[in-house]
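Quick mapping for you: the protein sequence lines, in order, are chains V and B.
This note's numbering puts the first residue of the first sequence at 1, with every later residue one more than the last.
This note's numbering puts the first residue of the second sequence at 201, with every later residue one more than the last.
Cβ atoms here follow ideal geometry from the backbone N, Cα and C, with glycine treated the same way.
A short write-up of the structure that comes next.
Protein chains: 2
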Amino acid sequence: MATHAGLGRPREFDLDVAARDAMNVFWDHGYEGTSLPDLIEGTGLSRGSLYKAFGDKKKLLLAALDLYMAEGLRATADLLSQPGTVKEAIRASLLRYARLSSGEAGRRGCLVVAIAVEMAAHDPALAERAAQMFRRIQQLYAGAIVRGQANGEIAEGDEQAMARFLVCQIQGMRVLGKTGGLEADMVALVDSAMLMLERN
Amino acid sequence: MATHAGLGRPREFDLDVAARDAMNVFWDHGYEGTSLPDLIEGTGLSRGSLYKAFGDKKKLLLAALDLYMAEGLRATADLLSQPGTVKEAIRASLLRYARLSSGEAGRRGCLVVAIAVEMAAHDPALAERAAQMFRRIQQLYAGAIVRGQANGEIAEGDEQAMARFLVCQIQGMRVLGKTGGLEADMVALVDSAMLMLERN
DNA sequence: TTTTTAAGGAACCGATTGGTTCCTAAATGG
DNA sequence: CCATTTAGGAACCAATCGGTTCCTTAAAAA
């Protein structure tokens with residue numbers, strides 16, 4: 001039960017674990033495609049416990065989304081801060097997305113993309129959440145690009161525009177990967193994108 | 201009633217018009233998010249007429265998808281075959297996607313992307329349909345790139361890889377556009393992508 | 001006229017939807 | 001002991017789901 005601050009019977013399940021279980025259900029079936037029984041089966045919790053803990057289905061999605069985004073951002077931030085050249089670090093992080101956009105992982109796709117595509121047009125709060133995710137990834141890459149420009153690895157230019165370009169390429173790979181392509185094809189896309197950072 | 205080949209009472213509605221109406225409904229609400237009453241309201245047809253004409257909900261989606269893809273391919277093919285330099289034609293077609301990925305149109309998104317993201321993982325037939333669309337767009341760009349390379353406008357290189365890169369960029373813009381960005385930002389992405397074709 | 005096909009409304013199917021409200025049992029702190 | 005909080009099952013809600021079948025009316029070809 002981990003942390004327990006208050007009075008009364010402590011929660012017998014971990015909120016993060018429950019949110020993660022729900023995340024996997026939403027990931028595989030989308031929001032509309034996920035029913036309450038699906039979530040009950042996925043989390044192992046009862047209807048009552050789920051609603052008491054998260055409020056409603058959409059709040060549960062938000063919790064799942066926050067978890068997903070935090071982990072994705074951490075993974076990219078970690079790879080971008082690896083020792084070695086900045087270009088190698090950027091390439092490594094893009095190759096991670098290439099792997100995530102290939103085969104079975106590619107077919108599963110990205111939860112943020114799925115929710116953005118399904119819900120953003122009708123739910124401003126979710127649209128803002130997705131936009132926030134895209135902005136934050138962009139900031140991570142922009143920071144790396146600035147470091148690369150400082151030591152002469154990366155061509156001069158608007159680092160935000162360059163980072164935005166990489167984010168666009170990543171989301172494109174996520175979409176193309178939904179039909180289950182080969183990792184080699186995705187790696188080729190990464191190589192193309194990396195050319196943008198090269199000195200001329 | 202346009203064309204009418206057979207015996208008996210002719211159909212009183214146009215199959216293409218009905219498919220197009222259904223297309224708009226699926227476009228706005230996805231597949232799971234679209235109910236039969238939604239389709240009835242959107243097409244103005246009765247339950248019986250819809251099922252008699254298209255079979256079932258998924259076949260109707262396929263008809264709508266085919267219509268959408270045919271129009272999209274035609275629009276891109278037209279722009280790519282405009283007089284002028286090949287690079288200008290490619291840029292013009294990419295700018296069309298930039299426009300379609302901005303503001304209200306961007307928020308609405310792309311039906312192929314929406315269906316690919318929502319359904320591809322669980323429906324091989326729809327996955328293949330989406331993959332086919334991506335391949336065909338790639339072929340259009342590959343053809344233009346070959347022409348550009350022949351007259352020295354475009355740098356040498358694997359035209360399929362370069363075309364695939366453009367397709368990836370397009371799908372990325374479609375995703376980013378779901379949160380409703382500025383057209384200027386999308387145009388900047390087009391400019392970045394165009395650099396890939398420049399002579400070095 | 002007869003045959004064939006479609007229109008389109010109606011009614012119905014069993015199942016499920018998201019959501020809410022109870023209840024009793026149980027576990028904690030005061 | 002007592003107040004508080006949660007667990008988790010149960011029951012229920014009105015609404016809707018995708019899908020099917022039936023019917024009468026109607027239009028066109030044979």
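Is the beta carbon of residue i less than 9 Å from the beta carbon of residue j?
i: residue 79 of chain V; j: residue 70 of chain V; result: no
i: residue 309 of chain B; j: residue 168 of chain V; result: no
i: residue 189 of chain V; j: residue 197 of chain V; result: no
i: residue 60 of chain V; j: residue 47 of chain V; result: no
i: residue 87 of chain V; j: residue 194 of chain V; result: yes
i: residue 127 of chain V; j: residue 307 of chain B; result: yes
i: residue 161 of chain V; j: residue 302 of chain B; result: no
i: residue 262 of chain B; j: residue 329 of chain B; result: yes
i: residue 268 of chain B; j: residue 312 of chain B; result: yes
i: residue 338 of chain B; j: residue 300 of chain B; result: no
i: residue 232 of chain B; j: residue 32 of chain V; result: yes
Is the CB of residue i under 9 Å away from at least one CB in chain B?
i: residue 196 of chain V; result: yes
i: residue 169 of chain V; result: yes
i: residue 76 of chain V; result: no
i: residue 136 of chain V; result: no
i: residue 176 of chain V; result: yes
i: residue 69 of chain V; result: no
i: residue 32 of chain V; result: yes
i: residue 142 of chain V; result: no
i: residue 185 of chain V; result: yes
i: residue 165 of chain V; result: yes
i: residue 192 of chain V; result: yes
i: residue 180 of chain V; result: yes
i: residue 189 of chain V; result: yes
i: residue 172 of chain V; result: yes
For chain V, find out if any of its Cβ atoms is closer than 9 Å to the Cβ of residue i; answer yes or no.
i: residue 346 of chain B; result: no
i: residue 191 of chain B; result: Nothing in the structure corresponds to residue 191 of chain B, since chain B is present only between 201 and 400.
i: residue 217 of chain B; result: no
i: residue 331 of chain B; result: yes
i: residue 320 of chain B; result: yes
i: residue 243 of chain B; result: no
i: residue 328 of chain B; result: yes
i: residue 299 of chain B; result: no
i: residue 225 of chain B; result: no
i: residue 247 of chain B; result: no
i: residue 303 of chain B; result: no
i: residue 236 of chain B; result: no
i: residue 296 of chain B; result: no
i: residue 261 of chain B; result: no
Residue i: which of the options sits nearest, CA to CA?
i: residue 95 of chain V; options: V/170, V/198, V/12 and V/58; result: V/170
i: residue 379 of chain B; options: V/45, V/118 and V/77; result: V/118
i: residue 65 of chain V; options: V/27, V/12, V/40 and V/82; result: V/27
i: residue 136 of chain V; options: V/75, V/9 and V/7; result: V/75
i: residue 322 of chain B; options: V/30, V/81, V/41 and V/16; result: V/30
i: residue 374 of chain B; options: V/159, V/58 and V/116; result: V/116
i: residue 364 of chain B; options: B/312, B/340 and B/255; result: B/340
i: residue 14 of chain V; options: V/24, V/53, V/32 and V/7; result: V/53
i: residue 250 of chain B; options: B/220, B/366 and B/358; result: B/220
i: residue 202 of chain V; options: V/166, V/12 and V/41; result: In the structure as shown, chain V begins at 1 and stops at 200. Residue 202 of chain V is therefore absent and cannot be evaluated.
i: residue 223 of chain B; options: B/211, B/257 and B/207; result: B/257
i: residue 133 of chain V; options: V/55, V/34, V/7 and V/77; result: V/77
Count the other CB atoms, across all protein chains shown, that sit within 10 Å of the CB of residue i; report buried if there are 16 or more and exposed otherwise.
i: residue 125 of chain V; result: exposed
i: residue 239 of chain B; result: buried
i: residue 82 of chain V; result: exposed
i: residue 184 of chain V; result: exposed
i: residue 9 of chain V; result: exposed
i: residue 245 of chain B; result: buried
i: residue 272 of chain B; result: buried
i: residue 304 of chain B; result: exposed
i: residue 156 of chain V; result: exposed
Q | At least three beta-carbon pairs within less than 8 Å, the segment 333–352 of chain B to the segment 147–167 of chain V | A | no
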